[in-house]
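Worksheet: one structure, shown below.
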Amino acid sequence: MAMDTLSQLSHLLAAGVTRAAPLLIAALGAITAERAGVLNLGVEGVMLLGAMTGFATTAATANPWLGLGSALLAGAALGLLYAVVVVSLQADQVVSGLALGFVGTGLSAVLGAPLAAAPQKIVELPQLSIPFLQQIPLLGRALFATSVIVYVAFILLLITKLLDASRWGLHITAVGENPSAADAMGVPVLRYRYACTIWGSGLAGLAGGGLSLAITPMWVDDLTAGQGWIAVGLVVVARWRAIPAAWIALLFGVLRRLPLELQGMSALLGNPKLGYLFEMLPYLGTIVVLVIRTRPGVGKYFAPPSALGIPYVRGMQK
Amino acid sequence: MSGLRLVPRLVITPRRQVLQSIVALGLALLVGAICLLLAGLSPLDVYLHIAEAGLFSIDGLADTAVCATPILLCALGLLLPFRMRLWNIGGEGQLLLGAWAATGVALFLPSWPRSLLLLTMSLAAMAAGGLWGLIPGVLRVRLRTSEVLVSLMLNYVALAWLRFFVFGRWSENGFPLTPQLVKSAWLPRLLDWAERFPILAGLPSHAGFLWALLLAICLGVWLRRSPVAFDLRVIGDSSRAAQTAGIPVGARMILAMTVSGAFCGLAGMIEVAGVVHRLQDRFSPGYGYSAIIVVWLARLSPSGVVLVSILFGALLVGSKDVKPSGVAQLLQGLILLTVMASEIGLRYRLVRTLPKDKI
Numbered sequence: 001m002a003m004d005t006l007s008q009l010s011h012l013l014a015a016g017v018t019r020a021a022p023l024l025i026a027a028l029g030a031i032t033a034e035r036a037g038v039l040n041l042g043v044e045g046v047m048l049l050g051a052m053t054g055f056a057t058t059a060a061t062a063n064p065w066l067g068l069g070s071a072l073l074a075g076a077a078l079g080l081l082y083a084v085v086v087v088s089l090q091a092d093q094v095v096s097g098l099a100l101g102f103v104g105t106g107l108s109a110v111l112g113a114p115l116a117a118a119p120q121k122i123v124e125l126p127q128l129s130i131p132f133l134q135q136i137p138l139l140g141r142a143l144f145a146t147s148v149i150v151y152v153a154f155i156l157l158l159i160t161k162l163l164d165a166s167r168w169g170l171h172i173t174a175v176g177e178n179p180s181a182a183d184a185m186g187v188p189v190l191r192y193r194y195a196c197t198i199w200g201s202g203l204a205g206l207a208g209g210g211l212s213l214a215i216t217p218m219w220v221d222d223l224t225a226g227q228g229w230i231a232v233g234l235v236v237v238a239r240w241r242a243i244p245a246a247w248i249a250l251l252f253g254v255l256r257r258l259p260l261e262l263q264g265m266s267a268l269l270g271n272p273k274l275g276y277l278f279e280m281l282p283y284l285g286t287i288v289v290l291v292i293r294t295r296p297g298v299g300k301y302f303a304p305p306s307a308l309g310i311p312y313v314r315g316m317q318k
Numbered sequence: 319m320s321g322l323r324l325v326p327r328l329v330i331t332p333r334r335q336v337l338q339s340i341v342a343l344g345l346a347l348l349v350g351a352i353c354l355l356l357a358g359l360s361p362l363d364v365y366l367h368i369a370e371a372g373l374f375s376i377d378g379l380a381d382t383a384v385c386a387t388p389i390l391l392c393a394l395g396l397l398l399p400f401r402m403r404l405w406n407i408g409g410e411g412q413l414l415l416g417a418w419a420a421t422g423v424a425l426f427l428p429s430w431p432r433s434l435l436l437l438t439m440s441l442a443a444m445a446a447g448g449l450w451g452l453i454p455g456v457l458r459v460r461l462r463t464s465e466v467l468v469s470l471m472l473n474y475v476a477l478a479w480l481r482f483f484v485f486g487r488w489s490e491n492g493f494p495l496t497p498q499l500v501k502s503a504w505l506p507r508l509l510d511w512a513e514r515f516p517i518l519a520g521l522p523s524h525a526g527f528l529w530a531l532l533l534a535i536c537l538g539v540w541l542r543r544s545p546v547a548f549d550l551r552v553i554g555d556s557s558r559a560a561q562t563a564g565i566p567v568g569a570r571m572i573l574a575m576t577v578s579g580a581f582c583g584l585a586g587m588i589e590v591a592g593v594v595h596r597l598q599d600r601f602s603p604g605y606g607y608s609a610i611i612v613v614w615l616a617r618l619s620p621s622g623v624v625l626v627s628i629l630f631g632a633l634l635v636g637s638k639d640v641k642p643s644g645v646a647q648l649l650q651g652l653i654l655l656t657v658m659a660s661e662i663g664l665r666y667r668l669v670r671t672l673p674k675d676k677i
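If you're matching them up, the sequences are chains A and B in order.
Note that the first sequence covers residues 1 to 318 in our numbering.
Note that the second sequence covers residues 319 to 677 in our numbering.
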């Protein structure tokens, strides 16, 4: 009995970790862009375009690595477009971000129509098992015998962690906190914002690719089903920090799996459809954190980058 | 050295605004054409088909009006908070919740007479949508929480709520939809009046568009006449100036958010009572999001909102049978993006700077 619970838990954890990987990748991208002061509400649409591009490329070449790369590029291309609009042309980031999301979603549906019409199997991203480590009870299966997208997420996590420690990371933070001071110090504000926007959007595309190449290997319209929005909220909950983002992504990943796992235990809950209410939790969690951060003592702890969403024009106050 | 420089414009004429919207629209159609070419379609055929199916036939026009109704209602609502630079992005969630409430009323009070039932459904929908707009409004005013993020997240909370009922409690034989509502919960249809106006024969479209149009006129008059509406604009220009002038900024913000939610909720009721006649998963193709684009394109004017809503309705209707299903969404996104990008042309003008030695 105890053994059974353990294996069930290990199963849930393994499923949660794979689910969490694309979420984390998208969130890490958003963290980098927002730390530089650029808000991108189009993550959902960018993820969709990445998912479609990755799937299409893999279907054509039978190489999931090429697929993953093309997903990254597709995201980066949208990121470049977005950077032109909000960094150079100084457009409102809330509305432009929504517009970008529309473009990504629409483009993925238009270009992916032939794929959606004729479902096919593709070569998925491989699983990677590390000998010995994978036998660790509970965690072994989740962390060391899983899809490569999880390892990709882990590497990106380490890179994003450098935002707090490296020279360029401090530059990015300065650009997002006080761009005029950064400019005065000789940090090229606009160039950093371009780079971070493109990188962030590229990661969103990559996350979409991970989704369509490893988690749910297929292409249908609206494959991401709101995960891009969860990533946007996750950034707030994680206070624009990489490591907390990983924990929260894991939590959300497990939560997302929970309804499926619970279907077996429906008698326990009395209502098998209660799982749908679980879908609310990531969004409600974000709202709760948004509210908590207004409390006097913790406000600073949860504060967003000061210049988030504000275009930078040299010599102009705000 | 001679070069180019951006100089802020002091006056923005309405004519320039309209001109800029048209240029942006043209640009969006051009980029859209390239995307369609990439997808192996003939852009000209697609555009002509959309125009023909959506605008140039009596059936198409009737469908367009039906499709434009929820967009128009949501957009009219969103206009209010947008005027005060308050971004209610939660129109979709407010619409879904309104639809849910209206369905609930119709399912539990099937024996009520038609006019009373429809009225109760509308009120319930407006209350539910209003509540969904009230939450981000109150949080914004009381706690300075970002209304963008809260209203956005609430969209998905509403979606999960709706699914919980559609898949569970209210499901018909396990399908993701509720049983069909009783006939007394249906909006009157155009063909009901065919006896008096023969041209309407064979048009199953509902008459909700006329109500929405009436609401648009009322809102337009109210925005022109009411001191409260004037407050909204002052707050949008400078909330500090409004505060100093004694305008209750917080109360106005909450009011605008709640009313916009109520409008969106009503849009949900109209969809349920007029089009689907039941609640089902994915009944809205994102009307609440389209409305955001419409308000922006219409530059916050009610008459502009009516015009753009009809065009967007035509876009949705016309692209319904264009095979890749995302064409409408793609074009909407491109239009908004080009409008946003060209905004800078309104605020600045390009000036050639004179060479130094000529000064």
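Beta carbons are placed, not taken as given, at the ideal position from N, Cα and C, and that holds for glycine.
- Taking 4 residues as the shortest admissible run, the region 146-170 of chain A contains the following complete alpha helix (DSSP H) segments, listed from N- to C-terminal end: 148-161.
- Around the beta carbon of B:L528, fewer than 16 other beta carbons lie within 10 angstroms, which makes this residue exposed.
- Beta-bridge partners of B:R323 (DSSP): B:V669.
- In the DSSP secondary-structure assignment, B:H524 is bridged to B:R507.
- Within the same chain, Cβ atoms closer than 7 angstroms to the Cβ of A:T286 are found at G233, V236, V237, the five residues on either side in sequence being excluded.
- Shown here for A:A21: same chain residues with a beta carbon closer than 7 angstroms to its own, the five before and five after excluded, namely I149, V150, A153, G210 in chain order.
- Among the residues of the region 211-239 of chain A, those with a Cβ less than 7 angstroms away from any Cβ of chain B are D221, G226, W229, G233, V236, in the order of the chain.
- Nearest to B:D639 by C-alpha distance, out of B:V329, B:L505, B:Y365, B:A346, is B:Y365.
- At a cut-off of 9 angstroms between beta carbons, B:N473 contacts chain A.
- Within the same chain, S339, A342, W614, L615 come within 7 angstroms of B:V657 by CB-CB distance, once the 5 residues on both sides are set aside.
- Scanning A:L49, A:T18, A:G75 for the CA closest to the CA of A:C196 turns up A:G75.
- For B:C536, the number of other beta carbons within 10 angstroms of its own is below 16, and it is reported as exposed.
- Between the alpha carbons of B:G372 and B:A525 lies a gap of roughly 17 angstroms.
- A:A77 is positioned such that its CB atom lies no closer than 9 angstroms to that of A:V85.
- Interface residue (Cβ-Cβ distance to chain B less than 9 angstroms): A:G101 is classified as such.
- Closest in C-alpha terms to A:R35, from the list A:V313, A:G208, A:A207, A:L162, comes A:L162.
- Counting every other CB atom within 10 Å of its CB across the protein chains shown gives B:S637 a total of 16 or more, marking it as buried.
- Those residues of the region 23-44 of chain A placed with their C-beta closer than 8 angstroms to a C-beta in chain B are L41, ordered along the chain.
- For B:Q647, the three-state secondary structure derived from DSSP is helix.
- The beta carbon of B:G579 sits closer than 6 angstroms to those of Q412, G447, G448, W450, G451, all from its chain and outside the five residues before and after it, given in chain order.
- Under the Cβ criterion of 9 angstroms, B:C353 is counted among the residues facing chain A.
- B:E490 carries a strand assignment under DSSP once its states are collapsed to helix, strand and coil.
- Along the region 622-633 of chain B, none of the residues has a CB nearer than 9 angstroms to a CB of chain A.
- Note on the region 414-484 of chain B: there is no whole beta strand (DSSP E) run with a minimum of 3 residues.
- Proximity of B:Y365 to chain A, defined by a Cβ-Cβ separation below 9 angstroms, is not satisfied.
- The region 459-470 of chain B and the region 397-411 of chain B touch, with three or more beta-carbon pairs separated by less than 8 angstroms.
- A contact is defined here as three or more CB-CB pairs under 8 angstroms, and the region 487-505 of chain B fails this definition with respect to the region 298-315 of chain A.
- By the criterion of at least three beta-carbon pairs nearer than 8 angstroms, the region 31-49 of chain A is in contact with the region 98-115 of chain A.
- Looking at A:A182, A:L115, A:L133, the one whose alpha-carbon comes closest to that of A:A59 is A:L115.
- For B:V594, no chain A residue has a Cβ inside 8 angstroms of its Cβ, as the nearest lies near 19 angstroms away.
- Here the alpha carbons of B:L550 and A:L80 stand approximately 36 angstroms from one another.
- Shown in chain order are the members of the region 287-308 of chain A whose Cβ falls below 9 angstroms from a Cβ of chain B: I287, L290, V291, R293, T294, R295, P304.
- In the structure shown, the three-state DSSP call for A:Q93 is helix.
- Listed along the chain, the chain B residues whose CB falls inside 8 angstroms of the CB of A:A91 are M658, A659, E661, I662.
- Of all C-beta pairs linking the region 3-13 of chain A to the region 198-216 of chain A, fewer than three are shorter than 8 angstroms, placing the two stretches out of contact.
- Across the structure, A:R141 and A:G202 are spaced so that their CA atoms are roughly 29 angstroms apart.
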